[in-house]
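Residue numbers (our numbering), protein chains in the order written: chain L, 31 to 772; chain Z, 732 to 1263.
What follows is the structure in structure tokens.
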């Protein structure tokens, strides 16, 4: 039986040892796991784009399909369509390369055997067709998944006729048109240097009668060179013309009947002809390509010379092609442009980040391009009818280390800036994911918190460990520990909804108290000097000084409140904030870095206090006893003997407090305005990395760029605090080793 | 003076000032929360203001302010009657007030919606409900409201039945969905049986629904006619009245009674008016359940890890690094845990569970969205270091002699651990657990990401099988503070509720913190005798 017991307990011991070791190691693995898991979500941000060739075939030899006027591809990549000169959309199955039906567009009138002269693509899948008699009709092609099922096998295409047609005009080679309800504009090309704009306007008079009028104007006088490329923006307000002398002309067509040449810019130095033009999504950036292979993004900015309107400027130079660029198209969803040159090389670039995402070889020449609506499928057709289709996986083209951490010149801005703006009400916005304003905000909040908390916490800890009477010490320490347990949401709430309005009202008294409190302290010290340390009063005060000071502080606050409001009324007309704004143009926001300094400081004080106090108390008693025995005063002992010995511990306390302030979320979320701006003013709001995650993650779709960038900022926070805390821990362990054996 | 500075006494004073400032700030915080939190439930006088322009206002005086420049005073009055005036508060300048009075018969009603009503009672009307008629109008009103409330209780009981029925219908619906998803033809018999059951339940549901509607309509026929200070009449259904007070004629014991009644409501009732009125019960329940669930995960793992580190792991670089890692884990920002919980628990594990076990419900997530389980797991991860550190410390404080004595007597390591070390370390482990619970109760940032909502439709624990609903979202006191204080449309009216919630949360945290400190101190005392 005894033997059994031994065996049993040994077995238990072994099992327990195994389990405990496994459990222990599991916890350690968990630490690493956290970092790995967050990083795993963030890392795909930096994966390179790739593209897979999904189909390559030759167009069926039919007259209608030879040299199509326009073509496109659906987003599943199952069909392409070509618009022939007969005015029909011909669909071709990409798997087989065989025709899969066709749809006839509405020709202006049924008979007459008219054909299409040219086609302009506008918007996602809208086409403006110019017929041989000069009429323009428009058509939209729709793709739907069959049966409404998401994973349906087939697709349905549908043709929606455009809103209006433009009547016939003579002698048009090419034309562009935009309709908005009943009114609209068409821009016709009559010859190499001759353009004409026609407006249809509908005006309602007081009785509600509609009056339709047509006005036309020639643009010819302003065009002195051969125009090689033209593009009209989505609203029909601006016309861009590129010529063979390397110039770009920008016309304002928003006033019917009065076209205006806004400017002529030289797009390159060697007068190399402009070969292709297009507008990127957002409709403001024009991408200009020339014969030398350069492709650059331009948009209008307010010039330093303060002109009355904005002027085009080269903003985003893209990596150049080797040869003359023949065609460029823009993705309708984001800032991606796809261009091809005479050698058939296709480049895919991101405008804002100026990054080359992909280079594809089409193998042919005179290549024409089309992108699907979602921008995921690319179709290229060369002059001999060879079709190539790629499925592109561009991942997160708008995020590079450059866009995250350096100044970026976003569309609509007058200079490169650090911007965080993940979403906006506007439809064709581009997400601006610059982390710098957030990192700045984090450091700003931490800085203000630390300058508030560190002196208070350290001096308080020094007092508690060295000077206070023992009986008070055992009460103060738990009080501070409980203060550490105050939930941050409580501090944030009081900071945002109690302190912020209070300080806004009593800003001047607050500043006054910064003068009055030290003054009062000075007076108190002066009187204290008269008290002999050995007297009964002296003994009573010794070790309890702070109890004396508490009423002093309350008195100081009362004095500065009543005096402050009085002085404010006299000197600043009762409104110190207004005076600040008028005299120094300092704007005071209610929730600002100042409030954060106090609230966040309040949260880190107990952390710094506790660790520093521990470190100071752990300095061996015999050191201070020896110092006191040699005749040093209690302050001299504390300052010259105890503090230097405990310095590593004190330093680690500050670092741990720093780490805590960096990662604090709720206080910063509640007590700042959460405005991601870079401003050094203490009276402005801020947004920190941690608060930003809390604000944005509920809105971030799974695996989107925003989602991953938020995870990246979590990785940054993790690493930052990990390094700081590790350093602090190493310091503390060293300190412990030094004094641990007393 | 110079020599005085050299002795350093002024510097000591400065240090003392720092401590004094810290204490003053802490006490201010506690004071502000206590003052605003405790005072709100106390019935306050309804003051009637006769303005110089002839209009009248009735309400509680909330604040007075004096303009330093002009000396003009301003009074903030809580005028209530949001449905009549469109606002709860009004600032009037003292110079506009002609006279003030405290009308005895002024009445304050707490209503289901539109906030409070302050005014005067005109009459009570309606038929079908029996109640005693006394001479006093206010007493009549109270009795009538009581009688109507009895009726409404019946309605509530029926409603409860409806919720349970609804749950059953939903269950059948999901069962059908599941069977259809698996194989529609093979399970056709089972499906049609379920469909029949579901239909039966639905018809039952509709019947009860109609009945409850009829009952409620009956109760709602009773109404009181009231008038505000300026005489505008307002009919209020008695069913909408929650509490009647005549604060101007209440005696002190009555006021104390009212105070406790409000406190009871706070702790045990559901919130009303988008959380700005009523009780906190779901939030309290959610917080407690989440914290307990979290302890189930963090306590065993924390203790085991601490035992490993202290008793089993060999001293060396690895152990030291692990120690650093654990300490570090405590310093990682809580929002990072939140985002980890979202990526790993919610989308990772939760998404996989959904794909494996509930494919028929997709794309509606079951576990692949925030819930109480994921919240507790996330917080367990966050608080494990607290448990580890506390357990390690308490194990370290046990004198070596005890271990050596036990091993020398022939006990195995495990026996020593179970019989001696763990019992001795229990107060320390308790300390760690309590501290971790306090931390979890106050933590909001990660919860916002992994499962807290402003208003949960159902508690995560109820009478329907399987009783614990781990996939449900829940409410939390800390988030309540953030949500009501910062995201409610009427922040000024919501503030008292936020202060009360804050007070409650602070009380919980401070109480558990004090308990932990007390336990720790007791343990220290116990073992310091063996140190020489």
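We put the beta carbon where it would ideally sit given N, CA and C, even for glycine.
Cα-Cα separation between residue i and residue j, rounded to whole angstroms
i, j, result
"residue 1098/Z", "residue 1172/Z", "23 angstroms"
"residue 171/L", "residue 389/L", "29 angstroms"
"residue 50/L", "residue 1145/Z", "10 angstroms"
"residue 740/Z", "residue 665/L", "7 angstroms"
"residue 349/L", "residue 375/L", "13 angstroms"
"residue 826/Z", "residue 804/Z", "7 angstroms"
"residue 898/Z", "residue 938/Z", "16 angstroms"
"residue 1253/Z", "residue 660/L", "37 angstroms"
"residue 692/L", "residue 1082/Z", "32 angstroms"
"residue 643/L", "residue 331/L", "58 angstroms"
"residue 714/Z", "residue 1011/Z", "Coverage of chain Z is limited to positions 732 through 1263, which leaves residue 714/Z absent and any answer about it impossible."
"residue 685/L", "residue 1159/Z", "27 angstroms"
"residue 791/Z", "residue 847/Z", "11 angstroms"
Residue environment, residue i, which counts as buried when at least 16 other CB atoms sit within 10 Å
i, result
"residue 773/Z", "exposed"
"residue 1202/Z", "buried"
"residue 184/L", "In this prediction, residue 184/L has a pLDDT of 48, which is less than 50 and means its spatial position is unreliable; nothing more can be read from the coordinates."
"residue 339/L", "exposed"
"residue 512/L", "buried"
"residue 867/Z", "exposed"
"residue 177/L", "Model confidence at residue 177/L stands at a pLDDT of 48, short of 50, so the residue's coordinates are unreliable and nothing is read from them."
"residue 1229/Z", "buried"
"residue 1021/Z", "buried"
"residue 676/L", "buried"
"residue 588/L", "exposed"
"residue 717/L", "buried"
"residue 386/L", "exposed"
"residue 182/L", "Unreliable positioning characterises residue 182/L in this predicted model, as indicated by a pLDDT of 37, which lies under 50. The coordinate reading is nonetheless provided below. Flag for residue 182/L reads exposed."
"residue 1140/Z", "exposed"
"residue 1198/Z", "exposed"
"residue 822/Z", "exposed"
"residue 351/L", "buried"
Own chain, CB closer than 8 angstroms to residue i, minus 5 neighbours either side, in chain order
i, result
"residue 223/L", "250, 253, 254, 255, 256 and 257"
"residue 554/L", "578, 579 and 582"
"residue 1085/Z", "1092, 1093, 1096, 1097, 1098 and 1099"
Sequence-distant residues of its chain with Cβ nearer than 7 angstroms to residue i (five each side left out)
i, result
"residue 933/Z", "900"
"residue 22/L", "With chain L represented from 31 up to 772, any question about residue 22/L goes unanswered, as that position is not in the structure."
"residue 879/Z", "860, 950, 953, 969 and 970"
Cutoff 6 angstroms; reference residue i; Cβ partners in own chain excluding five residues on either side
i, result
"residue 72/L", "738, 741, 742 and 745"
Residues of the stretch 748-761 of chain Z whose Cβ lies closer than 8 angstroms to any Cβ of chain L, in chain order: Taking 8 angstroms as the Cβ-Cβ cut-off against chain L, the residues of the stretch 748-761 of chain Z that qualify are 748, 749, 750, 751, 752, 753, 754, 755, 756, 757 and 760.
Residues of the stretch 34-49 of chain L whose Cβ lies closer than 7 angstroms to any Cβ of chain Z, in chain order: 39, 40, 42, 43, 46 and 47: these are the residues of the stretch 34-49 of chain L whose beta carbon lies less than 7 angstroms from some beta carbon of chain Z, given in chain order.
Validate contact between the stretch 421-432 of chain L and the stretch 392-411 of chain L using beta carbons, cut 8 angstroms, 3 pairs: The stretch 421-432 of chain L and the stretch 392-411 of chain L touch, with no fewer than 3 CB-CB distances between them shorter than 8 angstroms.
Members of the stretch 1198-1222 of chain Z that neighbour chain L once the beta carbon cut-off is set at 7 angstroms: Going along the stretch 1198-1222 of chain Z in chain order, one finds 1209, 1212, 1213, 1216 and 1217 with a Cβ nearer than 7 angstroms to chain L.
Proximal residues, the stretch 48-62 of chain L versus chain Z, C-beta separation under 9 angstroms: Of all residues in the stretch 48-62 of chain L, 49, 50, 51, 52, 53, 54, 55, 56, 57, 58, 60, 61 and 62 have a Cβ within less than 9 angstroms of some Cβ in chain Z.
Near-chain Z residues of the stretch 694-707 of chain L (beta-carbon distance less than 9 angstroms), N- to C-terminal order: Within the stretch 694-707 of chain L, contact with chain Z at the beta-carbon level (separation under 9 angstroms) is assigned to 694, 695, 696, 699 and 700.
Proximal residues, the stretch 420-442 of chain L versus chain Z, C-beta separation under 7 angstroms: Considering only beta carbons, no part of the stretch 420-442 of chain L lies closer than 7 angstroms to chain Z.
At least three beta-carbon pairs within less than 8 angstroms, the stretch 750-766 of chain Z to the stretch 1213-1227 of chain Z: Taking 8 angstroms as the limit for Cβ pairs, the verdict is that the stretch 1213-1227 of chain Z does not touch the stretch 750-766 of chain Z.
Chain L contacts made by the stretch 1166-1181 of chain Z, where a contact means CB separation under 9 angstroms: Going along the stretch 1166-1181 of chain Z in chain order, one finds 1166, 1169, 1170, 1172, 1173, 1174, 1175, 1176, 1177, 1179 and 1180 with a Cβ nearer than 9 angstroms to chain L.
Three-pair Cβ contact test at 8 angstroms for the stretch 1015-1035 of chain Z versus the stretch 1102-1117 of chain Z: Yes, they touch.
Stretch-stretch touch, CB-based, cutoff 8 angstroms, three pairs: the stretch 316-332 of chain L with the stretch 349-358 of chain L: By the Cβ test, the stretch 316-332 of chain L is in contact with the stretch 349-358 of chain L, since at least three Cβ pairs between them sit closer than 8 angstroms.
Stretch pair the stretch 1172-1183 of chain Z + the stretch 1103-1113 of chain Z: three plus CB contacts closer than 8 angstroms: Counting Cβ pairs under 8 angstroms, three or more are found: they touch.
Three or more C-beta pairs below 8 angstroms linking the stretch 1037-1047 of chain Z and the stretch 718-727 of chain L: Counting Cβ pairs under 8 angstroms, fewer than three are found: no touch.
Short-range partners of chain L found in the stretch 1126-1151 of chain Z, where Cβ spacing is below 7 angstroms: Here the close residues are 1143, 1144, 1145 and 1146.
Stretch pair the stretch 443-451 of chain L + the stretch 111-121 of chain L: three plus CB contacts closer than 8 angstroms: No: the two stretches stay apart, fewer than three of their Cβ pairs being nearer than 8 angstroms.
Stretch pair the stretch 1216-1227 of chain Z + the stretch 487-501 of chain L: three plus CB contacts closer than 8 angstroms: Because the criterion of three Cβ pairs below 8 angstroms is not met, the stretch 1216-1227 of chain Z and the stretch 487-501 of chain L do not touch.
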